Amino acid sequence: MAYDQIRKSPGTGPASNMADYDLTRATFSWAEAHKSIDGLPNGKLNIAYEAIDRHVAAGHGSQIALRWVAKSGVRTDFTYQDLQDRTNRFANVLRARGINRGDKVYSLLGRVPELYIAALGTLKAGAVFCPLFSAFGPEPIQSRMEIGGANAVITSSRLYKRKLKGIRDSLPELREVFLIDADQEGTTHLAPLMDAASASFDTEPMDPEDTALLHFTSGTTGKPKGVVHVHEAVVAHHTTGRFALDLRPGDIYWCTADPGWVTGTSYGIIAPLTNRVTMIVDEAEFDVNRWYDMLEREAVNVWYTAPTAIRMLMKAGKEAAQSREFRALRFMASVGEPLNPEAVVWGNETFGMPFHDNWWQTETGGIMIANYACMDVKPGSMGKPMPGIDAGIVEVTEDGAKELTEPLAMGELALRPGWPSMMRGYLHEQARYDKCFVDGWYMSGDLAMRDSDGYFWFVGRGNDLIKSAGHLIGPFEVESALMEHAAVAEVGVIGVPDETAGEIVKAYVALKPGNAPSDDLMLELMGHARKRLGPAVAPKEIVFRENLPKTRSGKIMRRLLKARELGLPEGDISTLESDEK
Amino acid sequence: MTRQEIETAISKELNRIAPEIDMDDIDRGEDLREEFDIDSMDFLKLVTALGKIFRVEIPEADYGQIGSFNALADYMAGKVAT
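In the order they appear, the protein sequences are chains F and E. Counted from 1, the first sequence has number 432 at position 432 by our numbering; the numbering is strictly sequential. Count along the second sequence from 1, add 1000, and you get the number used in our numbering.
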């Protein structure tokens, strides 16, 4: 390996939540981990109870649970008692409006307090919470609300007007639109209802296998998948927060992820609160100085962020950080895509500690493989499996799945199912769900290897999915939106490498006869895609081709587009029928 | 370079990133990223492009000063003048 192992000082391990990785792993059981949550009588539980109510009951009501920093820089604090009060009110509002157990409550909001209150209030009421990313355009929003059967949504008047109003007629199951800031025709203004609602609510006791959360993730083909998670998942959220993020009661913790993505829910709402930390929530988008201010002024102890942000900080130079003192900072972690070794080393030089990369997916619900406080870091490696998680490098052949145990053998990263936050299904798509499992392994779709010390290394994606700025984007969704434009005959969408975002979305477009490629048409397509998909999903680059490489059945060969883009060998092209021009 | 020319140049670059947004529909005093629906990557692209066009350095430390269309135009006018 080109990079030196980053050794931890002897005191780091014993002082952290997990002093000895091997020992913890050898003695760990999920049944034992279950005892770290309180639960409700008769074997019932509720994520929101573990996140809020139990801390208030234990006398921690006055501790700050959420410190919200508005774009303007103004801070607003919510104690655990405040959160209990507001989530109870929200649960009462849902009840009063006829939203009941099992109904689907969506959010389409920026990082404002109402989002966090709605998430936990929804869970208290026994309804299913589904967060949508506010930078989605109307099409991703529509498909996700249709598939999930959204019954209620909480949003702002601005987002409603721009993204929801136009698609509302196509969502027959949507009964209630709550606006946090105004009253508009056909919507319900939330604030007066919250004021009028009672601040007491008996948190709904749920069966451990009742659905709690719905997160959408992209597929290579077809519609996005609705990943189902249950209340029992809280055991994994709590445990992974403790071990992989070293969260301790009273910590100041900043997760920079938006709750519209799974990280921002599992580790931006649930795990920090069940571990009774103070969460910092910043409404604003990335900004170098603002971020360093936040770390310094808020005295952040634990920071969980993403490779794209880290690379943007690197670009701004060490100097921007050097005038600062991050005295409170104790642990830094990264997720979303593999963190390049340069960034791990840069973190160590700049902050005096490495970023601890970890790996997981929407489907796994929580961190599966991680670098821990007690363990030396090999820059570029995702670390070792969590206690309670069995991971393997697996090869699938006609004879089934076979684990490859020799060091550095390349195969698909796979996990033995059975941990609490494992998905329980893709909504309405049993066949797609079943395809994820081979001979008792959950197949992740990522290619990886394991070295002789047991560290896992990401090698590449086993499919056409695109990871841009840590967000998983399905090429099919982007292609479909472009295909709706009258001038477009065919589209192939791939991810191309980008030094900051990891990958960016690039579209290859062939036009219908009578349309000529031009800069104006390119901009028109770009605008068309952005309007439908939003900036997070729309292509950042569009190029024209006379013809796209296709198989005999007419399937566009994204793999070939990508190999050519990267100057890599084209591989097996025996199925190529009609080539790129 | 006149103020008008500066604004035209900025509008043109914004149009390359968010072509679906009509300049007449946006509030020039409000959050630029929100008005134009642009993410951090788009914003970086915009700043890089403007740096090239105006042949000026726009350090990350100054990003806080260019939060709205008007603020960005003011900033560029100040840079070009010096």
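Every residue gets a Cβ at the ideal spot worked out from N, C-alpha and C, and that includes glycine. This one's a predicted model, so the numbers in the text were calculated from it and none came from an experiment.
- Taking 9 Å as the cut-off, the beta carbon of F:L525 is found closer than this to the beta carbon of F:H485.
- Within the segment 494-507 of chain F, the residues whose Cβ lies closer than 9 Å to any Cβ of chain E are, in chain order, D498, T500, A501 and I504.
- The continuous alpha helix (DSSP H) containing F:P138 extends over residues P138 to G148.
- At a Cβ-Cβ threshold of 9 Å, F:I466 and F:E503 count as neighbours.
- Listed along chain E are N1015, R1016 and P1019, each with a C-beta nearer than 8 Å to that of F:L523.
- Here F:L295 is near F:F326, since their CB atoms are less than 9 Å apart.
- Excluding sequence positions up to five before and after F:P379, its CB lies within less than 6 Å of the CB of Y3, P341, V344 and V345, all in the same chain and listed in chain order.
- Under a 10 Å Cβ-count criterion, F:S218 is classified as buried, with 16 or more other Cβ atoms of the shown protein chains found around its own Cβ.
- If you check each beta-carbon in the segment 104-127 of chain F against every beta-carbon of chain E, none falls closer than 7 Å.
- For F:G241, no beta strand (DSSP E) run applies; the uninterrupted alpha helix (DSSP H) run containing it begins and ends at V234 to F243, by DSSP.
- F:Y21 and F:A196 have their C-alpha atoms roughly 50 Å apart.
- Any Cβ of chain E closer than 9 Å to the Cβ of F:K467 would place that residue at the interface, and such an atom is absent.
- Taking 9 Å as the CB threshold, E:G1051 stays off the interface with chain F.
- DSSP places F:W441 in no alpha helix (DSSP H) but in the uninterrupted beta strand (DSSP E) bounded by W441 to R450.
- Beta-bridge analysis with DSSP links F:R545 to F:A510.
- For F:E285, the nearest beta carbon of chain E is closer than 9 Å to its own beta carbon.
- Neighbours of F:P535 in chain E, taken as residues whose beta carbon is under 8 Å from its own, are A1018, D1037, I1038, D1039 and D1042 in chain order.
- In this structure, DSSP gives F:V153 an extended state, which the three-state scheme calls strand.
- Bounds of the alpha helix (DSSP H) holding F:G121 are P113 to K124.
- For the segment 1061-1080 of chain E, residues whose beta-carbon sits nearer than 7 Å to a beta-carbon of chain F comprise A1061, Y1063 and G1064.
- Cα atoms of F:Y253 and F:W303: separation of roughly 6 Å, rounded to the nearest angstrom.
- Identification of chain E residues near F:V288 by a Cβ-Cβ cut-off of 8 Å yields E1060, A1061 and Y1063, ordered along the chain.
- Per the DSSP secondary-structure output, F:P497 pairs in a beta bridge with F:E503.
- Contacts with chain E (Cβ-Cβ distance below 7 Å) from the segment 315-345 of chain F involve A316 and A320, listed in chain order.
- At a cut-off of 9 Å between C-beta atoms, E:R1028 does not count as an interface residue with respect to chain F.
- Counting along the chain, no alpha helix (DSSP H) covers F:R330, and no H or E run does either.
- By the Cβ test, the segment 233-253 of chain F is not in contact with the segment 135-153 of chain F, since fewer than three Cβ pairs between them sit closer than 8 Å.
- Excluding five sequence positions before and after F:A321, the CB atoms of its chain that fall closer than 7 Å to its own CB belong to Y292 and T350, given in chain order.
- A residue is called buried once 16 or more other Cβ atoms fall within 10 Å of its Cβ, and F:P10, having fewer, is exposed.
- Relative to F:G474, the option among F:D519, F:F458 and F:G492 whose CA is nearest is F:G492.
- Taking E:S1068 as the centre and dropping the five residues before and after it, the same chain places the C-beta of R1028, G1029, E1030, D1031 and L1032 closer than 7 Å to its C-beta, in chain order.
- Among the CB atoms of chain E, none fall inside 9 Å of the CB of F:M386.
- F:T274 and F:S266 have their alpha carbons spaced roughly 11 Å apart.
- Three or more Cβ pairs closer than 8 Å define a contact, and the segment 385-395 of chain F falls short of that threshold against the segment 200-213 of chain F.
- For F:R530, the nearest CB of chain E lies under 9 Å from its own CB, placing it at the interface with that chain.
- What F:K71 touches in chain E, judged by beta-carbon distance under 8 Å, is D1031, going in chain order.
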